[in-house]
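Report on one structure; see the data block that follows.
Residue numbers (our numbering): 91 to 884.
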């Protein structure tokens with residue numbers, strides 16, 4: 091029987107019927123993972139769960155009240171303890187451990203990302219979870235950051251496109267996405283107190299832009315505020331961020347939820363626009379109650395937050411149903427497919443793919459071959475339904491014997507034990523046909539609440555790889571890492587395969603690629619530096635005195651490498667295959683582009699090899715007259731295409747004018763680079779052989795707007811301001827407009843602002859109110875001229 095919706099009270103009716111204490115409860119957590127219910131008004135409690143790469147859920151999360159996993163010590167242990175299983179993690183339900191975002195991003199495959207969202211939703215619904223705390227979508231500003239494995243890319247366009255696809259996949263199946271962490275949460279050092287100090291253009295163009303796209307294109311049910319401070323204010327208590335930008339500029343009407351225990355001043359957070367405080371905290375509830383009763387938190391502010399919680403609950407209730415078990419086998423297969431598609435082949439001198447018929451004994455080295463590294467540490471860590479073991483998968487495909495040695499002693503060990511293990515490995519390498527080394531970064535020194543100290547592999551692995559490469563006839567290195575690492579042994583090995591943290595299907599995915607059942611198709615979504623000092627963010631990292639100044643501004647990742655002409659170890663967008671591709675005939679469907687419009691770049695792609703494979707065609711913009719420094723070129727579009735041997739296809743890539751625009755801090759909006767813009771087409775940020783040139787037109791003028799401190803030369807370069815200031819001068823000197831303009835020209839070389847220059851040069855006394863009227867009038871006239879423009883990337 092269908093419910094009688096006429097009997098369901100509206101949000102306004104329920105708000106009017108709620109008591110003050112009920113409202114305070116609704117905007118506060120119920121235990122660790124639930125919201126509160128109000129049975130008398132039909133308001134149910136809903137469950138949230140971690141899960142950027144797989145659902146972390148235990149039956150305690152479904153409980154109401156104090157049983158709902160609300161122990162603070164358990165929460166802290168979950169995040170900080172790596173060598174043991176904390177109480178909050180005990181008894182979790184097995185779920186599919188999918189590849190982390192760093193691996194999903196390297197697929198550059200939005201259809202696969204949407205399938206991942208669908209699978210997330212199925213697993214959430216099977217356990218009665220209404221909101222998944224993901225996807226994570228912070229920018230990978232530096233590969234040292236502890237949670238880079240949870241994020242897609244160093245580029246905001248790629249991050250936004252992939253996160254929007256996952257969000258749509260989740261929500262079209264009735265489970266809410268909670269995108270996080272908003273905003274500029276790019277390091278784990280002093281994670282709840284560090285101030286991310288970022289200039290306005292870098293903040294808008296790099297760190298907020300992906301969130302803007304997801305809000306505009308996918309409408310996430312919730313946005314999670316981050317732990318860090320942003321330009322002096324805690325992000326969870328930041329009215330400019332949470333209200334002015336997110337709601338007033340972007341039009342977001344969903345819920346803002348805090349990161350867990352991320353609020354220090356609950357009344358301030360409500361006023362700023364942070365609606366739901368998670369998890370349960372009697373102290374923060376008491377402070378909110380006191381703020382409401384004292385009038386510090388007006389009734390309308392509490393009602394606004396309560397209404398948004400009710401809206402989220404309504405969305406969840408509308409899609410709720412009886413839990414249906416998910417198809418674990420199908421999801422494991424999806425995890426394998428994503429892992430295969432996201433694994434990047436960085437080097438190959440022809441050793442791969444291996445031929446099981448001709449390859450003699452295979453030597454597999456590294457603990458990761460038997461105890462695979464498939465995910466990071468922290469709140470995202472979950473219990474997989476099964477795990478493909480790399481060694482087992484290799485044994486199933488090899489045509490001859492397979493031997494395994496650790497190569498590097500596990501845990502604490504002596505120098506003698508290390509040397510003994512190394513001698514055994516090199517002796518075995520001398521007798522094998524190919525050595526496959528599984529290497530990883532330190533497993534107890536990064537993840538949530540900890541950044542990496544350097545870009546090295548775990549202790550002993552660089553030495554092991556170098557020694558094996560000097561002994562074995564062929565050496566293949568498999569890197570299960572969260573982000574970029576240095577490779578001092580690179581010239582000496584035969585192949586490097588990087589699955590990143592590729593989830594429970596990694597073992598099968600890697601083995602199938604090693605033996606050529608599939609061809610590698612992954613492309614890097616971050617730049618691999620040759621050394622740590624090459625990272626554009628290096629000089630400002632990790633901050634000091636509680637302030638982390640983003641010294642590189644908008645020159646993040648490949649933008650910074652390109653601007654400084656620094657040669658990376660491997661560039662953004664790079665990845666090899668077992669086949670080859672040829673791009674030709676790049677064109678655009680129009681030769682001009684204006685505000686609010688878009689065009690389509692077309693290019694012919696042919697598989698010139700003998701194997702099936704996939705290529706990612708990338709388009710970068712390079713203006714001839716850039717308004718701002720954002721690096722020589724920026725990604726503005728991409729498409730992944732799969733081709734059989736000899737197959738040729740035309741790939742079309744839409745490019746929106748909005749994605750060519752940059753934030754103009756003087757005008758408070760995004761502005762296009764007018765004039766010729768080169769759309770460079772290729773297969774990485776450093777391989778762009780094709781150039782399609784278009785002419786960009788914008789209604790926003792290039793001249794500077796008139797301000798109180800504008801110098802005369804700048805004012806004279808602005809025709810609207812020039813006319814207005816000349817008019818001001820004409821009125822005070824009682825001369826005609828032509829004469830006033832000629833007199834104004836005499837002031838051009840002054841470095842004092844134009845109003846004070848005019849006053850001093852002609853011995854006038856200008857009223858500040860009149861100066862303000864002139865400035866306002868110029869701004870209004872310019873706004874009318876630029877009214878047709880629309881440059882939001884969403």
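Even glycine gets a Cβ: it sits at the ideal position worked out from N, Cα and C.
Segment limits, alpha helix (DSSP H) that includes residue i
i, result
"residue 603", "596 to 604"
"residue 887", "The shown model of the chain, from 91 to 884, leaves out residue 887, and the question about it has no answer."
"residue 885", "Here the chain has residues from 91 to 884 only, and residue 885 is not among them."
"residue 552", "551 to 559"
"residue 480", "480 to 487"
"residue 216", "200 to 216"
Selection from the options that minimises the alpha carbon distance to residue i
i, options, result
"residue 344", "287, 404 and 300", "404"
"residue 407", "220, 198 and 239", "220"
"residue 635", "280, 532 and 186", "280"
"residue 302", "813, 130, 261 and 254", "254"
"residue 480", "498, 461 and 490", "461"
"residue 921", "352, 436, 665 and 268", "Since the first residue shown for the chain is 91 and the last is 884, residue 921 is missing from the structure and cannot be characterised."
"residue 545", "211, 208, 601 and 238", "238"
"residue 527", "534, 538, 540 and 547", "547"
"residue 310", "330, 268, 840 and 785", "268"
"residue 707", "757, 441, 779 and 355", "779"
"residue 307", "439, 188, 766 and 341", "341"
"residue 60", "130, 133 and 149", "An answer regarding residue 60 cannot be provided, because it is not within the stretch 91 to 884 covered by the chain."
"residue 349", "131, 756 and 326", "326"
"residue 714", "680, 703, 661 and 786", "786"
"residue 684", "425, 767, 190 and 740", "767"
"residue 232", "132, 628 and 248", "628"
"residue 572", "559, 614 and 554", "614"
"residue 739", "352, 675 and 770", "675"
"residue 492", "474, 523 and 104", "523"
"residue 194", "497, 434, 413 and 398", "434"
"residue 392", "364, 402 and 712", "364"
"residue 610", "594, 622, 617 and 588", "588"
"residue 264", "412, 844 and 130", "412"
"residue 608", "499, 664 and 704", "704"
"residue 797", "808, 846 and 865", "865"
Residue interval of the beta strand (DSSP E) (run including residue i)
i, result
"residue 270", "266 to 272"
"residue 590", "Here residue 590 belongs to no beta strand (DSSP E), and DSSP marks it neither H nor E."
"residue 743", "738 to 746"
"residue 664", "Premise fails: residue 664 is in no beta strand (DSSP E) and is neither H nor E."
"residue 766", "765 to 772"
"residue 725", "724 to 733"
"residue 638", "637 to 639"
"residue 696", "688 to 697"
"residue 369", "Unbroken run through residue 369: none, as it is neither H nor E."
"residue 752", "752 to 754"
Cβ-Cβ separation, residue j to residue i (assumed contact under 8 Å), whole Å
i, j, result
"residue 503", "residue 458", "Not confirmed; about 17 Å, so no contact."
"residue 619", "residue 574", "6 Å"
"residue 591", "residue 192", "6 Å"
"residue 606", "residue 668", "7 Å"
"residue 431", "residue 597", "In fact, because the Cβ distance is near 16 Å, the residues do not count as touching under 8 Å."
"residue 470", "residue 143", "6 Å"
"residue 559", "residue 582", "4 Å"
Counterpart residues of residue i in DSSP-defined beta bridges
i, result
"residue 565", "525"
"residue 437", "586"
"residue 618", "660"
"residue 678", "691"
"residue 474", "185"
"residue 120", "124"
"residue 713", "767"
"residue 783", "768"
"residue 492", "452"
> Using 8 Å as the threshold, is the segment 120 to 139 in touch with the segment 371 to 386, meaning 3 or more CB pairs across them?
Replying inline: Not touching, per the Cβ criterion.
> At a cut of 8 Å, does the segment 732 to 745 reach the segment 647 to 657 through at least three beta carbon pairs?
Replying inline: Fewer than three beta-carbon pairs drawn from the segment 732 to 745 and the segment 647 to 657 are found closer than 8 Å, and the two stretches are therefore not classed as touching.
>> Count Cβ pairs between the segment 638 to 648 and the segment 277 to 293 that sit closer than 8 Å; are there 3 or more?
In response: The segment 638 to 648 is in contact with the segment 277 to 293.
> At a cut of 8 Å, does the segment 718 to 725 reach the segment 690 to 699 through at least three beta carbon pairs?
Replying inline: The segment 718 to 725 makes no contact with the segment 690 to 699: fewer than 3 CB pairs, one atom from each, lie closer than 8 Å.
> Taking contact to mean at least 3 C-beta pairs separated by less than 8 Å, is the segment 259 to 277 in contact with the segment 312 to 328?
Replying inline: By the criterion of at least three beta-carbon pairs nearer than 8 Å, the segment 259 to 277 is in contact with the segment 312 to 328.
>> So, does the segment 478 to 495 touch the segment 444 to 454, judging by three or more C-beta pairs under 8 Å?
In response: Yes, they touch.
> Are there three or more Cβ pairs, one per stretch, closer than 8 Å when the segment 818 to 837 is compared with the segment 850 to 858?
Replying inline: Counting Cβ pairs under 8 Å, three or more are found: they touch.
> Are there three or more Cβ pairs, one per stretch, closer than 8 Å when the segment 547 to 557 is compared with the segment 508 to 517?
Replying inline: Contact holds: three or more Cβ-Cβ distances are below 8 Å.
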